[in-house]
Every structure is written in C-alpha cells, then in structure tokens.
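Working notes, beginning with the structure itself.
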Amino acid sequence: MTTRSLEHSNVRPIRMAILGFHHETNTFAPTRATIDVWCEAGVLEGAAIRQEYGSARSTVAGYIEFTDNVANLQGVPLVFSRLTPMGPITDEAFEYLCERLLGALVAEGPWDGVLVAAHGAAVSETYRDADGEFLRRIREIVGPSVVVGATLDMHANVSSLMVESADLIVAYQTNPHLDAFEQAERCARMVLDAIVTGVRPHMALTRVPLAANILQMGTEGDPMRSILAEARRVESFPEVLAVSVLEGFPYADVAEMGMSVIAITRSSIEHALDVSNAVAERVWGSRSDLNGSALPVAEALREADTLSRSPVILLDTGDNVGGGGPGDATHILHAAREARVRGVVQVICDPQAVMVCESAGVGSEVVVAVGGRTDGVHGRPFPVVGHVTAVSDGVFEDAVPTHAGFRHYNNGPTVAIETDEGYRIVVVSRPAPTTSLEQFRSVGIEPADQRIIVAKGVHSPRPAFDSIAGAMILVGTPGVTTVEISELPYEHRRQPMYPYEPTTTWAPATVVRGAMGRGRDPQARVHR
0 MTTRSLEHSN VRPIRMAILG FHHETNTFAP TRATIDVWCE AGVLEGAAIR
50 QEYGSARSTV AGYIEFTDNV ANLQGVPLVF SRLTPMGPIT DEAFEYLCER
100 LLGALVAEGP WDGVLVAAHG AAVSETYRDA DGEFLRRIRE IVGPSVVVGA
150 TLDMHANVSS LMVESADLIV AYQTNPHLDA FEQAERCARM VLDAIVTGVR
200 PHMALTRVPL AANILQMGTE GDPMRSILAE ARRVESFPEV LAVSVLEGFP
250 YADVAEMGMS VIAITRSSIE HALDVSNAVA ERVWGSRSDL NGSALPVAEA
300 LREADTLSRS PVILLDTGDN VGGGGPGDAT HILHAAREAR VRGVVQVICD
350 PQAVMVCESA GVGSEVVVAV GGRTDGVHGR PFPVVGHVTA VSDGVFEDAV
400 PTHAGFRHYN NGPTVAIETD EGYRIVVVSR PAPTTSLEQF RSVGIEPADQ
450 RIIVAKGVHS PRPAFDSIAG AMILVGTPGV TTVEISELPY EHRRQPMYPY
500 EPTTTWAPAT VVRGAMGRGR DPQARVHR
C-alpha cells in the first residue's frame, strides 16, 4: 500500500498525536535531570515544535513531514522535550513531563494513532524503565483500539513493557545517527497502514545477554556493518516489515541493558520471533568483536603531535557528553600542558568561568580556572592566563545533517579564550556535545584551521568532522562514559552477561508470551 496516495475524503481525517521526550540516562553520572533542567532545555508545545524541528532531520521532523504529506491525515504535535544525557530523571521531573505530555494527549483527543518520539534508555529515580512506563501510561489512556508506534534511538535498552505497550517500534539503524528522520517516517507509515487496513502487524523482541563496547558501535565498519547487513537481508523477505538492531546503552544500570533485536511481520508472531531470533544469533556470534579499547591520553597526544595533516580530532571517550558525561573533563588539557603539546582547542562546560569572562569583556586579559568542577573523576580545574576573544549567547544553527538530525543548538552563555600557551578554549554554560562545526564558528574559530581539537564523544562527532579531519584518535580517558565498561559498579544488570562474565552462553528461546492488558488478541511477544 502506498500511504502517501491514500484518499479518505468521505470520512473524517485520520488523527495522529505526535509527542515524547528524549533522555539517555547515565545512571553513573552524579547529576540529576530536574524540572529546572528540563524547563531550561525547553518543553515545547504545538507550533513551537514545528518551529524548532520543522526543518531538522530528527524523529519529530520525520513524523511531521510524513503526516503533513498524506491526504486526509492530521498529525498533531502536542508536547516534546529533549535533554542532553545526564544522570537519572528526578521523580518530580518525570511526573511533570508525564503530566504535560499525557494531559495534552487527553485534552486533544480522540486519536486514531499515536507517534512517540522516545530514546529508550531513560531512567527515573523510581522507574528504571522510564520509557516503558511512559508508553504504558499512553496505552492506558488511549486503550487497545488506537495504534501506538514509537521510534527509538539505536542505544535503547528495550524492555518487555515497551513492546507490550506499543504496536510498532523501530529504531535508528545508523551510528552516528543519520537516519532518525527516515525511521520516523517508516514508523508513521506502518501506523497509518495498520489504521487503514485494520490489521495489526506482529512484533517480537529478542534480548541478548551482551553489552557492546561503545567503541565498536559505529555502523560504518564491522562488526556492526555485517550485523546490519544481515538484518537488511532478512528484512527483504516477504511479510517482514521491519527489523531493528539495537546496540543498547551500557551506562544505564538496568536489567534491560544490552543488545536486542525487534522484528515486525505481517504474517504471525511465530514468524516475527523466528526473524528476531535469527538476527539475534548473528549478534551473539559477533560478541568477541564487540569489545574495544582506546589509546591512553599520553600516547594519543604523542601521536597527534607527530601527525602532519590537521586538524587531529581527539575523541574524549570518558567525557562523552552524548552519553551522560558532564562536559567539563580536563584530563587531555592537563596532559597536553605537561607534554608541551600546543595548538589544542576544546569545548568545556563551566558556567562560573563564563561569568568571569563575560564580566571582563572581549579583549580583556583573564586569569581563570576552567572545568574540572563536577567531581574528581573528570579531572581538576585547568588554570589559564589569556584573553577573551568572543562572547556569545551560545545559540546557533547547523544546516548540515548532524548526529540525530538536530539543527538548532543552545549551549547557554558562551565565551572563547585564547591562552598565552597557545590553547583555545570554548567555555559553555551547558554540557555540550561536540557535534557541530558551527559550535566553533559561532565564536570566531574556524575548526578546519586548528591543529588539534578535543571532541567530547565517540561516534557522534564524526558527521561534523569527517570532512575536515586529518585523523581521529580515540582517547581512553577516565569518566562516567569510560570505555572500560567492566569497571563500572553495576547493581541491576543481568547476570551472567558478556563480556562481564566471559563464559556466558546463550541460545534463543522459542516460547513466546502475549501482551499485557490491551483487551485484544496479543500482537507483541517477548523473548527474554
């Protein structure tokens, strides 16, 4: 069925709600996602959602684009909020978000379908599966007759509650995430088909007791490239609608943490489970290739200092802001000073230092310590003597596709400092991933002209820097996003689980279990 050509002129418009919240929760981070933090980031409604995401390539943008271009289909953006990854969502903030989101869902109904933009790795103080609880509440409100679809981040830790509460779940299949828009369109198309035909597809989840190292989660190379090729091959079979491989998020200490596969078919739940199991076996067979390691800081700096082509991008893996790092780690800066490596550029979060530099003004000399304020894990403050070269509100736009398809950025009040030692430091007021070249250009720094740039991420910076980088080096720094995941103090993960217990064995089950509490024939099945 070609849904874009559907005509429903003799009936009322099909109505789909568009709503959700995005949070990838690092349970090892010392921070908390409070109401104030969410409100500062923005809890958008209606027209404001269209203004923020209408020209982006994100999940919400994909939902809007699809529903705007199908005859007699009305997509209604209700409420959406996204927050840079950090520690758990406070109970107060989670209930506030649910009140705003679900209140709008009730007030603006009735609905034929619901399109949910979620991450899939959100954790609140009470609900370790916050996305599952949110989907459960949606189902409780709309009942069994409304088709609910969700698009998740590839790093979702998928739970049985999620698939029991939704009819359809798909996930990004690229990392860096460059297909959020397309996956959202795909989800919306399947939801519409289910509404129009009255036939619900069958969805199965297979979870694998395997935590992939973030260093091996890139989808442009093996092992993930081969795993995804198998998923696409199986997806081409008759009656198979979608196969999503999810890499999981190892920095969330939850029972669902780890890799999984979701399969959606037209034919039967048994077929869906066969498909998800088959791809999951391919994942399990690659487990030894999903480990990884990064260079020690001193070694990475020595290598960067000898390379002739610049800029060299040093990927600060322990302070990966996109994974919940605080954005204020200083390990690489201190090591560069000790090794007398000059020409280093870094973005660092420090609202106190921003205020000092703002007060001094552009052109003024400042003596200030930056970063290293969150805790002792991410380094100590880095003292500098230099001049303020720029002051900005931290708001900028990037028209080039970036990680997760976002276009508008707000780093809060921002300054740039050029130090007497030859370092350039962009100091921001909010934790900021290094995923856009415009982050530097907005304060007068052309990234292509720099010698060494520290980027706080692993895969997410690549879309921005691929076109200019002379080299990219993964740096094994300490922090809440350390690549040494076996050292993390888990309390809730499954056991046994690879690679924590290297002798773990696993084989897919064939017994399936029905969906809970929807008052109709089960469409979702789960293999634990």
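Quick note: the sequence shown, position 516, residue 515 per numbering that gives the first Met the number 0, numbers continuous.
Glycine included, C-beta positions come from ideal geometry on N, C-alpha and C.
This one's a predicted model, so the numbers in the text were calculated from it and none came from an experiment.
Beta-bridge pairing by DSSP links residue 390 to 414. Counting of Cβ neighbours within 10 angstroms places residue 30 among the buried residues, the total reaching 16 or more. For residue 333, the three-state secondary structure derived from DSSP is helix.
Taking all protein chains shown into account, residue 352 has 16 or more neighbouring C-beta atoms within 10 Å of its C-beta and is therefore buried. Distance check between residue 338 and each of 300, 497, 241 places 300 closest, using alpha-carbon atoms only. Annotated as proximal: residue 279 and residue 507, with beta-carbon spacing under 7 Å. C-alpha of residue 181 to C-alpha of residue 58: approximately 8 Å in a straight line. Of the residues assessed, residue 50 falls on the exposed side of the cut-off, its CB having fewer than 16 other CB atoms within 10 angstroms. When DSSP assignments are scanned along the region 273 to 354, the uninterrupted stretches of beta strand (DSSP E) that are 3 or more residues long and fall wholly within it turn out to be 311 to 315, 343 to 348. Between residue 134 and residue 153, the CB-CB gap reaches or exceeds 7 Å. Rounded to whole angstroms, the Cβ separation of residue 19 and residue 116 is 4 Å, and the two are in contact under 8 Å.
Per DSSP, the continuous beta strand (DSSP E) segment holding residue 149 begins and ends at 146 to 151. In the three-state reduction of the DSSP assignment, residue 485 falls in the helix class, which pools H, G and I.
In the structure shown, residue 164 falls within a helical segment according to DSSP collapsed to helix, strand and coil. Here the alpha carbons of residue 414 and residue 360 stand approximately 9 Å from one another. Cβ neighbours of residue 72 within its own chain (closer than 6 Å, five residues either side excluded): 13, 66. Contact annotation: residue 215 and residue 291 have beta-carbon atoms nearer than 7 Å. Out of 504, 505, 270, 496, the CA that lies nearest to the CA of residue 212 is found in 496. Between residue 315 and residue 425, the C-beta spacing is not below 7 Å.
The alpha-carbon separation between residue 491 and residue 130 amounts to approximately 17 Å. Restricted to the region 155 to 233, the alpha helix (DSSP H) segments that are unbroken, complete and at least 4 residues in length are 159 to 164, 179 to 196, listed in chain order. If you check the CB distance, residue 99 and residue 254 do not come in under 7 Å.
Where residue 438 is concerned, the enclosing alpha helix (DSSP H) starts and stops at 437 to 440. In the DSSP assignment, residue 427 falls within the beta strand (DSSP E) that extends over 423 to 427. Here residue 409 is bridged, per DSSP, to 394.
Only residues of its own chain outside the window of five on either side were considered, and among them 397, 401, 408, 463 have a CB closer than 7 Å to the CB of residue 435, listed in chain order. Within the same chain, Cβ atoms closer than 6 Å to the Cβ of residue 404 are found at 55, 56, 57, 179, 180, the five residues on either side in sequence being excluded. Residue 231 holds the alpha-carbon nearest to the alpha-carbon of residue 242 among 199, 231, 437, 225. Taking the C-beta atoms as reference points, residue 261 is found nearer than 7 Å to residue 204. The residue from 482, 412, 388 with its alpha-carbon nearest to that of residue 423 is 388. Per DSSP, residue 502 has no beta bridge partner at all. Residue ranges of uninterrupted alpha helix (DSSP H) with 4 or more members, entirely inside the region 100 to 143 and ordered along the chain, are 129 to 141. Within 10 angstroms of the beta-carbon of residue 224 lie fewer than 16 other beta-carbons, which makes it exposed. Annotated three-state conformation of residue 52 is helix, per DSSP.
Annotated as distal: residue 421 and residue 308, with beta-carbon spacing of 7 Å or more. Straight-line measurement puts the Cα of residue 252 at about 22 Å from the Cα of residue 96.
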